[in-house]
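What follows is one structure encoded as structure tokens, with my remarks underneath.
Residue numbers (the numbering used here): 115 to 427.
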């Protein structure tokens, strides 16, 4: 397993309807030092107390909804499919926030086949996601069938949610490519709600299509489309940084995040970097170990639930 730097950790589910969770029951709560068996409260949490939630719940854990849903598939490009899902209104409402994602699997497959998929757009009870076929689990998702199994909602598809929510009346930049575009619309929506101007640079990547360009333009985002983020997008970012943005979002693989961070450092930019989440996930509850890394002090960190800040970018 990958070893990580020492981080300041926050749980994306703390204080939500899904707190306490199974990690709290097992003594590995991300948010609460008391639930981890320590002697003193060290959480600096100013909202709902995870310790009291766990004590009042008396072991009860609210499980996320799992349901069989109707799906309509549209092929956007080779190996790239848009899936439109009909969800219950309660779940759909929870998916409009940045970082929201679902676990999907084909009806005939076991729970090990869950695939995390970021939400692109929510309209009433209709939720749109985009899937790129690159393995057996995603191939089953796009096979002709009228229904899939959906589990959710989950919230940790973006690292840096607190930054997005506090930015006001400034400029936000989005650099996104491939299926990393899926998180761009909800990030843009959050920034626009804060009164920010938003500018996006998109590249098709392996997806072969800038499938969020029209949606972003409809939201009021200034969109610049390029053929490659590595060759053109990072140069565009360098120019945009002269306008001193309040935040920069990178949606794509970890290599893109590193490239964006390098440009920010070279330019001496003060803007914080927010990124899409690329951890391998299977359960979304911090139990399966697929997404786990360890801090320098060997603390277990499930990236499906943990928001973190490390030294440097």
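By construction, the Cβ of each residue, glycine as well, lies at the ideal position given by its N, Cα and C atoms.
Give me the Cα-Cα distance between residue i and residue j, rounded to the nearest whole angstrom.
| i | j | result |
| --- | --- | --- |
| residue 134 | residue 357 | 43 Å |
| residue 184 | residue 218 | 12 Å |
| residue 140 | residue 251 | 30 Å |
| residue 186 | residue 413 | 42 Å |
| residue 290 | residue 390 | 9 Å |
| residue 379 | residue 370 | 14 Å |
| residue 310 | residue 222 | 45 Å |
| residue 216 | residue 225 | 14 Å |
| residue 375 | residue 181 | 39 Å |
| residue 352 | residue 270 | 28 Å |
| residue 304 | residue 279 | 7 Å |
| residue 364 | residue 392 | 11 Å |
| residue 406 | residue 124 | 15 Å |
| residue 247 | residue 330 | 24 Å |
| residue 421 | residue 122 | 8 Å |
| residue 410 | residue 326 | 38 Å |
| residue 377 | residue 388 | 14 Å |
| residue 179 | residue 350 | 42 Å |
| residue 198 | residue 152 | 46 Å |
| residue 400 | residue 339 | 37 Å |
| residue 348 | residue 381 | 12 Å |
| residue 354 | residue 383 | 11 Å |
| residue 177 | residue 157 | 24 Å |
| residue 337 | residue 171 | 47 Å |
| residue 328 | residue 163 | 42 Å |
| residue 88 | residue 373 | The first residue shown for the chain is 115 and the last is 427, placing residue 88 beyond what the model contains. |
Going by DSSP, what residue range makes up the beta strand (DSSP E) through residue i?
| i | result |
| --- | --- |
| residue 232 | 229–237 |
| residue 369 | That residue, residue 369, is in no beta strand (DSSP E); its alpha helix (DSSP H) goes 368–381. |
| residue 301 | Counting along the chain, residue 301 falls outside any beta strand (DSSP E), though it belongs to the alpha helix (DSSP H) covering 298–307. |
| residue 179 | 179–191 |
| residue 316 | 311–317 |
| residue 242 | 240–246 |
| residue 288 | 285–291 |
| residue 390 | 387–390 |
| residue 265 | 261–268 |
| residue 414 | 414–416 |
| residue 358 | No beta strand (DSSP E) holds residue 358; DSSP gives it neither H nor E. |
| residue 338 | 336–339 |
| residue 219 | 215–219 |
| residue 197 | 194–200 |
Can you tell me the Cβ-Cβ gap for residue i and residue j, rounded? I've got them flagged as a contact below 8 Å.
| i | j | result |
| --- | --- | --- |
| residue 249 | residue 294 | Actually they are not in contact, since the Cβ atoms of residue 249 and residue 294 sit about 17 Å apart, beyond 8 Å. |
| residue 213 | residue 275 | 6 Å |
| residue 314 | residue 281 | Wrong, their Cβ atoms sit about 15 Å apart, outside the cutoff. |
| residue 137 | residue 168 | Not confirmed; about 10 Å, so no contact. |
| residue 418 | residue 403 | With 8 Å as the limit, residue 418 and residue 403 do not qualify as a contact, their Cβ atoms being about 10 Å apart. |
| residue 232 | residue 245 | Contact flag wrong, Cβ pair sits at about 10 Å. |
Select from the options the residue whose C-alpha is nearest the C-alpha of residue i.
| i | options | result |
| --- | --- | --- |
| residue 234 | 126, 195, 388 and 337 | 195 |
| residue 70 | 220, 422, 280 and 152 | Outside the displayed range of the chain (115 to 427) lies residue 70, so it cannot be described from this structure. |
| residue 161 | 152, 146, 347 and 197 | 146 |
| residue 237 | 386, 299 and 353 | 299 |
| residue 210 | 229, 239, 228 and 226 | 239 |
| residue 343 | 324, 332, 359 and 336 | 324 |
| residue 341 | 332, 319, 362 and 243 | 319 |
| residue 283 | 125, 336 and 361 | 361 |
| residue 227 | 394, 178, 136 and 418 | 394 |
| residue 316 | 287, 334 and 332 | 287 |
| residue 204 | 153, 266, 243 and 410 | 266 |
| residue 130 | 259, 152 and 268 | 268 |
| residue 332 | 170, 312, 165 and 208 | 312 |
Which residues in the same chain as residue i place their Cβ atom closer than 7 Å to its Cβ, once the five residues preceding and following it in sequence are excluded?
| i | result |
| --- | --- |
| residue 322 | 191, 192 and 194 |
| residue 154 | 147 |
| residue 143 | 137, 149, 150 and 164 |
What is the residue span of the alpha helix (DSSP H) that residue i lies within?
| i | result |
| --- | --- |
| residue 250 | 250–255 |
| residue 205 | 203–207 |
| residue 149 | Where residue 149 is concerned, there is no enclosing alpha helix (DSSP H), given that its DSSP letter is neither H nor E. |
| residue 364 | No alpha helix (DSSP H) contains residue 364, which is instead part of the beta strand (DSSP E) from 361–365. |
| residue 165 | 164–171 |
In its own chain, which residues sit with a C-beta less than 6 Å from the C-beta of residue i, not counting the 5 before and 5 after it?
| i | result |
| --- | --- |
| residue 308 | 281 and 282 |
| residue 296 | 232, 234 and 244 |
| residue 126 | 269, 270, 419 and 421 |
Given the structure, does residue i come close to the ligand FAD, in the sense that its CB is under 8 Å from one of the ligand's heavy atoms?
| i | result |
| --- | --- |
| residue 230 | Only the bare structure without any ligand can be found here, which leaves the ligand FAD out of the picture. |
Give every residue of the same chain whose Cβ lies closer than 8 Å to the Cβ of residue i, excluding the five residues on either side of it in the sequence, and list them in chain order.
| i | result |
| --- | --- |
| residue 75 | Absent from the structure is residue 75, since the part of the chain shown begins at 115 and ends at 427. |
| residue 229 | 217, 218, 219, 245, 251, 252 and 255 |
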